[in-house]
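Residue numbers for the sequence shown follow our numbering, so the first one is 876 and each next one is one higher. For each residue, glycine too, the CB sits at the ideal point set by N, CA and C. Worksheet for the structure shown next.
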Amino acid sequence: MAEKQYQVLARKWRPQQFDDVVGQDHITRTLRNAIASGRIHHAFLFIGSRGIGKTTTARILSKALNCLSFDAPTVTPCGTCENCRSISEGSNIDVIEIDGASNNGVENVRDIRDHIRMVPTSSRYKIYIIDEVHQLSSGAFNALLKTLEEPPGHAIFILATTEAHKIPATIISRCQRYDFRRVPARQLMDLLRKVLEEEGRHASEEALYAIARAAEGGVRDAESILDELITYCEGDIAYQDVFDVLGLVDWHLLHNLCDAIMDKDVGRMLVIVEDVVAAGKDLSQFVQEILRYFRNLLVSKTVQDADLIHLPEEELEEVRQRARRFTLTGLIRLVEQFAELTSGFDSQIAQRIALEALLIRISKAGVEISIDTVLEKILMLEQGGTVMPPATAKGGAPRKPPDPPRAGPANRAPSAPAQSARAALDAAGSVANPESSLYYPTVNPE
């Protein structure tokens, strides 16, 4: 008897029904409603990053439209009829899957136009699934326009792409657009936990979170990482196993680096970097882990919603404790500085975090006072002048300008208001931590 061939987890646990698709409820609900009401469009455009369910959803939709166990399209394809099985295997003669990267010429689109007029062999609809459709040439897009606008009644197009901005607007306007989202870490952890239970294995919560974080919202990536870990580990999957297999940076090392920054311990910082290099870690990956770490501190400092951080409770408390030692301005500066180190890398996380830091800074701009403004007012007070009061409402009486500074001894001691202003400014500069003047500058009297 032939040995059963091994099947990778991403294929073995590929969703077969709309209800099985993880993290895309807004899309599966719309498609189910369209099928139930008979409002089935002739062209769909699925947009989203890799491994989050675009092709899987296209196959489920194809089965829903062509399932032989029902007399009409259904929202719950049987999965056992000839059409359902062959569509799942990618071998159905009426559901044609095309790789846009390798079939991107005008002649390839002409082949589609020549064959689309022929009625389906054993199905209700002839469905063309074109993956990575943005790879088509401009000539191919032009050749597809007319067919996409007025296809035969039995033909449906499902276009999938990771780069919607490369698709001509004339193509997008002829399709129903569906934007797939990255799957949140909590939902990925639930999925991985379910797969492990079916496989008879177990992983710690910290390990599951580390896998979900490394997958960055991709279901296929998460399942592929889990597949590798099951092979690597003889028993339960531990937190450290994930870091060893993926070459990630340990959270404890990031905590130590954060402490070194707060303590301004240059030697300890350099030792940490040396340890990372000696362990064979990718420095670009290390920088992004640092950036993500300080992003979590920044969010923890700004809002109380733990769902925006996605950390285990123990790790979340560590982040909150360290966030208290920084000022908001200091954390924004750190995030921006580390984000600059990612220049030249294809990093979506860096762009997102820099944007978050900018938005938070903008939102706080109305309650923060410029250092230059404070220094100007202090100087006026020291010279015996007066500080201009707030402007009157529009249309109010004009204010009398302040009197010029009175002459006095050049070495006169600063006035009491000036001394108070300086003391307040010095205190504000290090409110979070007296040791942190590196990130929160103070103004000291001469």
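Alpha helix (DSSP H) runs contained entirely in the region 1162-1210, provided each spans 4 or more residues: Within the region 1162-1210, the runs of alpha helix (DSSP H) that reach at least 4 residues and sit entirely inside it are, in chain order, 1188-1198.
Own chain residues within Cβ distance below 6 Å of Leu1019, not counting five before or after: Taking the sequence shown and counting its residues from 1, one reaches residue 1019 at position 144. In the same chain as Leu1019, and ignoring 5 residues on each side of it, the C-beta atoms closer than 6 Å to its own belong to Val984, in chain order.
Environment of Leu1158 [buried if 16+ CB atoms lie within 10 Å]: For this step, residue 1158 is matched to residue 283 along the sequence shown. Exposed, by the Cβ-count rule.
DSSP three-state assignment for Phe1055, whether helix, strand or coil: Your numbering for residue 1055 matches position 180 in the sequence shown. In the three-state scheme derived from DSSP, where H, G and I count as helix and E and B as strand, Phe1055 is classed as coil.
Stretch-stretch touch, CB-based, cutoff 8 Å, three pairs: the region 1076-1088 with the region 1044-1054: No contact exists between the region 1076-1088 and the region 1044-1054.
Sub-8 Å separation of Val1178 and Leu1066 beta-carbons: In the sequence shown, the residue the question calls residue 1178 occupies position 303. In the sequence shown, the residue the question calls residue 1066 occupies position 191. Cβ distance not < 8 Å, so Val1178 and Leu1066 don't count as in contact.
The region 915-930 touching the region 1021-1031, judged by at least three CB pairs closer than 8 Å: Between the region 915-930 and the region 1021-1031, the count of C-beta pairs closer than 8 Å reaches three or more; the two stretches touch.
Same chain, Cβ closer than 6 Å to Tyr1003, neighbours up to 5 away in sequence not counted: To locate residue 1003, count along the sequence shown from 1; it is residue 128. Excluding sequence positions up to five before and after Tyr1003, its CB lies within less than 6 Å of the CB of Ile971 and Phe1032, all in the same chain and listed in chain order.
Cβ contact check for the region 1123-1131 and the region 1091-1102: 3 or more pairs under 8 Å: Because the criterion of three Cβ pairs below 8 Å is not met, the region 1123-1131 and the region 1091-1102 do not touch.
From Met1144, Ala1090 and Asn941, residue whose alpha carbon lies closest to that of Phe1118: The residue you call residue 1118 lines up with position 243 of the sequence shown. Of the listed residues, the one whose Cα sits closest to Phe1118 is Ala1090.
Three-pair Cβ contact test at 8 Å for the region 1204-1218 versus the region 1163-1170: Enough Cβ pairs lie closer than 8 Å, so yes.
Given Arg1056 as reference, the closest of Gln880, Ala1085, Phe893 and Thr1037 once Cα atoms are compared: Position 181 of the sequence shown, counting from 1, holds the residue named residue 1056. The candidate whose alpha carbon is nearest that of Arg1056 is Thr1037.
Proximity of Ser961 and Cys953 at Cβ, strictly below 8 Å: Indexing the sequence shown from 1 puts residue 961 at position 86. Indexing the sequence shown from 1 puts residue 953 at position 78. Cβ distance not < 8 Å, so Ser961 and Cys953 don't count as in contact.
N- and C-terminal bounds of the beta strand (DSSP E) containing Leu1034: Position 159 of the sequence shown, counting from 1, holds the residue named residue 1034. Note, Leu1034: beta strand (DSSP E), Ala1030 to Thr1036.
Trp888 to Ala933 span [Cα, whole Å]: Counted from its first residue, the sequence shown places residue 888 at position 13. Counted from its first residue, the sequence shown places residue 933 at position 58. Approximately 16 Å between the Cα atoms of the pair.
Which listed residue (Ile935, Lys1021, Glu957 and Ser997) has its alpha carbon closest to that of Ile987: Translated into positions along the sequence shown, residue 987 becomes position 112. Of the listed residues, the one whose Cα sits closest to Ile987 is Lys1021.
For Pro1043 and Asn979, the rounded distance between their alpha carbons: What you label residue 979 is simply residue 104 of the sequence shown in a count that begins at 1. What you label residue 1043 is simply residue 168 of the sequence shown in a count that begins at 1. Their Cα atoms are separated by approximately 14 Å.
For Phe919, the first and last residue of its enclosing beta strand (DSSP E): The residue you call residue 919 lines up with position 44 of the sequence shown. Taken as a continuous stretch (DSSP letters only), the beta strand (DSSP E) holding Phe919 covers Ala918 to Ile922.
Unbroken stretches of the beta strand (DSSP E), 3 residues or longer, contained in the region 1121-1156: As far as the region 1121-1156 is concerned, it has no whole beta strand (DSSP E) run of at least 3 residues.
Leu936 versus Leu906 - alpha carbon distance: Taking the first residue of the sequence shown as 1, we reach residue 936 at position 61. Taking the first residue of the sequence shown as 1, we reach residue 906 at position 31. Leu936 and Leu906: Cα-Cα distance of roughly 8 Å.
Buried versus exposed, by CB contacts within 10 Å (16 or more), Asp1116: The residue labelled residue 1116 in the question sits at position 241 within the sequence shown. Buried: at least 16 other Cβ atoms inside 10 Å.
Straight-line gap, Ile910 to Leu940 (C-alpha atoms, nearest Å): Indexing the sequence shown from 1 puts residue 910 at position 35. Indexing the sequence shown from 1 puts residue 940 at position 65. Distance between the alpha carbons of Ile910 and Leu940: 8 Å.
Per-residue DSSP class, three states only, for Gln892: Here residue 892 is taken as the residue at index 17 of the sequence shown, counted from 1. Three-state result, Gln892: coil.
Coil, strand or helix - Glu972 by DSSP: Position 97 of the sequence shown, counted from the first residue, corresponds to residue 972. Annotated three-state conformation of Glu972 is strand, per DSSP.
Simplified DSSP state of Ile1100, which is helix, strand or coil: Within the sequence shown, the letter at position 225 stands for residue 1100. In the three-state reduction of the DSSP assignment, Ile1100 falls in the helix class.
Residue from Cys956, Lys938, Thr955 and Glu957 with nearest C-alpha to Pro948: Position 73 of the sequence shown, counted from the start, is the residue given in the question as residue 948. The shortest Cα separation from Pro948 among Cys956, Lys938, Thr955 and Glu957 belongs to Lys938.
Reference Pro1027, options Arg999, Asp1138, Arg1197 and Tyr1114, closest by Cα: Stepping through the sequence shown from its first residue, residue 1027 is reached at position 152. Of the candidates Arg999, Asp1138, Arg1197 and Tyr1114, the one whose C-alpha sits nearest the C-alpha of Pro1027 is Arg999.
Neighbour-count burial assignment, Leu1145, 16 or more Cβ in a 10 Å radius: Residue numbering aside, residue 1145 sits at position 270 when the sequence shown is read from its first letter. That one is exposed.
Cut-off 6 Å between Cβ atoms - residues of its own chain near Thr1267, not counting five sequence neighbours on either side: Working through the sequence shown from its first residue, we reach residue 1267 at position 392. With a pLDDT of 45 at Thr1267, under the threshold of 50, the predicted position of this residue should be treated as unreliable, though the coordinate-derived value follows. Cβ within range, chain order: n/a, list empty.
Residues near Gln1051 by beta carbon distance below 6 Å, same chain, minus five either side: As a first step, residue 1051 is located in the sequence shown; it is residue number 176 there, counting from the start. Correct list, in chain order: His916 and Phe919.
Secondary structure of Ile910, DSSP reduced to three states: Reading the sequence shown from its first residue, position 35 is the one you call residue 910. Helix at Ile910.
Supposed contact pair Tyr1114 and Ala1085 - C-beta distance, whole angstroms, cut 8 Å: The residue given as residue 1085 occupies position 210 in the sequence shown. The residue given as residue 1114 occupies position 239 in the sequence shown. Correct: roughly 6 Å between the Cβ atoms.
Straight-line Cα distance separating Ile968 from Phe1016: The count along the sequence shown starts at 1 and reaches residue 1016 at position 141. The count along the sequence shown starts at 1 and reaches residue 968 at position 93. Whole-angstrom Cα-Cα distance: 24 Å.
Residue from Leu1071, Arg904, Ser966 and Ala1214 whose Cα sits closest to the Cα of Phe893: As a first step, residue 893 must be located in the sequence shown, where it is residue number 18. Arg904 is the residue among Leu1071, Arg904, Ser966 and Ala1214 whose C-alpha sits nearest the C-alpha of Phe893.
CB contact flag (Ala1060, Gln1010, <8 Å): Translated into positions along the sequence shown, residue 1060 becomes position 185. Translated into positions along the sequence shown, residue 1010 becomes position 135. Contact flag unset, no.
Ser1175 versus Gln1163, Val1194 and Glu1103, residue with shortest Cα-Cα distance: Locating residue 1175 in the sequence shown gives position 300, counting from the first residue. Of Gln1163, Val1194 and Glu1103, the residue nearest in Cα terms is Val1194.
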